[in-house]
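Start counting the sequence shown at 1; every next residue gets the next number (the numbering used here). Quick reminder that beta carbons are idealized off the backbone N, C-alpha and C, glycines included. Predicted, not measured: the structure shown is a model, and the values here were computed from it. Here's the structure we're looking at; comments come further down.
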Amino acid sequence: MYELIDGKATSAAIKEEIAEEVKQLVKEGAKTPHLAAILVGHDGASETYVASKEKSCSQVGFNSTVLRLEDDITEADLLEKVEAVNNDPGIDGLIVQLPLPAHINEQKIIEAIKPEKDVDGFHPVNVGRMVIGLPAFVSATPAGILELLKRYNIETSGKSCVVIGRSNIVGKPMSILLSQKNDFGNATVTLCHSRTPNLKEVTGQADIIIAALGRAEFLRADMVKEGAVVIDVGISRIRSDKTKSGWKLLGDVKFDEVAPKCSFITPVPGGVGPMTIVSLLRNTLLASKREIYK
Ligand code: NAP
């Protein structure tokens, strides 16, 4: 029988821990952590993500500011806005909600964020520090997955892990974190992508599979060995006539088929998703305490 990894409950518990710490810090005279988000344009999904980050900030007692900018803003003007937040001592962390409109170079904007305030962990300085094992802001989704593995006492040391997907924000950092020489790494990691032949053979050997490719119900039972741990990162919005909204969310794993073979598995929704926001809150708290860049 598999155990369900409950990201919703875990994230709620972590939010309470953060809220408690903030209360204590403020009582001792520290400033209230403050997260700023830049939102360009009116993309529905981006609006939802930013609203949910704002709500989470208020749940844990952080201040938050959203800078709403029109989608015809020039790259130069956006860079100026980023610089203004960089120089604002009242703001600890800054995220720029992606994707940005096509006329703006995303990488240039990411690199304009001061590494000390880059709580998304996308700046090359933070990525580089993470790779060589220095304190760094770690990308929120892989950090959230590591936290789930820790809280469910899932051993990674000596295990064979397969990560499917090599994006800069999920797959690549995940593969590096799992292979780090530390308590929550020490795994032998295989990073797969769309050019990986015989994927089924590779995943079929894995003790831990992280599916982060964005293909609904891609991972099937015949790709997973008995007793594996399966972490489903994917979120695909699929039309459905069975829900009130007309949409349903599907992960990268065919849950009903795969779960019976697993020792642990995350659901979608309610698995990795809620942990991503919590990691962002944690990074913001670290930024306000100046714990990464002393
Ligand atoms: P991405 O940038 O689109 O990257 C997808 C990766 O999957 C690429 O490396 C791609 O290979 C690989 N891939 C695609 N099809 C494949 C196949 N058939 N076999 C093997 N590999 C394949 O995706 P992402 O931003 O990492 O996101 C992945 C999924 O996670 C999406 O559904 C996204 O919505 C979700 N997500 C969830 C959260 C959360 O909080 N739960 C956070 C972030 C993302 P190539 O490199 O060869 O193209």
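(1) With distances taken Cα to Cα, identify the nearest neighbour of I132 among G214, R290 and K181.
(2) Comparing alpha-carbon positions, which option in I14, K172, F255 and T190 lies nearest F122?
(3) CB of L199 to nearest heavy atom of ligand 1: below 8 Å?
(4) Restricting to runs no shorter than 4 residues, where is the alpha helix (DSSP H) found entirely within the stretch 191–276?
(5) With hydrogens ignored, establish whether the beta-carbon of F218 is closer than 8 Å to any heavy atom of ligand 1.
(6) Where do the N-terminal and C-terminal ends of the alpha helix (DSSP H) with N86 fall, by residue?
(7) Assess, as a yes-or-no matter, whether the stretch 283–292 is touched by the stretch 29–47 under the definition of 3 or more beta carbon pairs within less than 8 Å.
(8) Should R129 go down as buried or exposed, given a rule of 16 or more other Cβ atoms within 10 Å for buried?
(9) Taking Cβ positions, are G227 and G251 nearer each other than 9 Å?
(10) Which residues have a Cβ closer than 5 Å to any heavy atom of ligand 1, listed in chain order?
(11) Do V230 and F184 count as a contact pair if the criterion is CB distance below 9 Å?
(12) Contact defined as beta carbons within less than 8 Å: I believe D207 pairs with K150. What is the distance between those atoms, to the nearest angstrom?
(13) Given T188, which residues of its chain have a CB within under 8 Å of its CB, disregarding the five upstream and five downstream residues?
(14) Is it buried or exposed, P260, if we count other Cβ atoms within 10 angstroms and call 16 or more buried?
(15) By the DSSP assignment, the beta strand (DSSP E) with T65 in it spans what residues?
(16) From what residue to what residue does the beta strand (DSSP E) around S160 run?
Per the coordinate set shown:
(1) Counting from 1 along the sequence shown, the entry for residue 132 is found at position 132. Checked all of G214, R290 and K181; the closest Cα to I132 is K181.
(2) By 1-based counting over the sequence shown, the position of residue 122 is 122. Answer by Cα proximity: K172.
(3) Mapped onto the sequence shown, residue 199 falls at position 199. The answer is yes for L199.
(4) 199–203 and 255–258
(5) Taking the sequence shown and counting its residues from 1, one reaches residue 218 at position 218. It does: the Cβ of F218 is within 8 Å (strictly closer) of some heavy atom of ligand 1.
(6) Here residue 86 refers to the residue found at position 86 of the sequence shown. It spans E75 to N86 - the alpha helix (DSSP H) in which N86 sits, taken as one unbroken run.
(7) yes
(8) Mapped onto the sequence shown, residue 129 falls at position 129. Around the Cβ of R129, a 10 Å sphere holds 16 or more other Cβ atoms; the residue is buried.
(9) Within the sequence shown, the letter at position 227 stands for residue 227. Within the sequence shown, the letter at position 251 stands for residue 251. No, Cβ-Cβ distance for G227 and G251 is not below 9 Å.
(10) T141, G165, R166, S167, V170, H193, S194, A212, L213, G214, V233, G234, I235, V272, G273 and T276
(11) By 1-based counting over the sequence shown, the position of residue 184 is 184. By 1-based counting over the sequence shown, the position of residue 230 is 230. Against a cut-off of 9 Å, the Cβ pair of V230 and F184 comes out as no contact.
(12) On the sequence shown, residue 207 is found 207 positions in, with the first residue counted as 1. On the sequence shown, residue 150 is found 150 positions in, with the first residue counted as 1. That belief does not hold up - the Cβ atoms of D207 and K150 are roughly 16 Å apart, past 8 Å.
(13) Sequence index remark: in the sequence shown, residue 188 carries index 188 (1-based). Contacts found: G158, K159, S160, C161 and S179.
(14) Here residue 260 corresponds to residue number 260 of the sequence shown, with the count starting at 1. Exposed is the call here.
(15) Within the sequence shown, numbered from 1, the residue matching residue 65 stands at position 65. Segment N63 to L69, the beta strand (DSSP E) holding T65.
(16) Taking the first residue of the sequence shown as 1, we reach residue 160 at position 160. Going by DSSP, S160 is part of the beta strand (DSSP E) stretching over S160 to I164.
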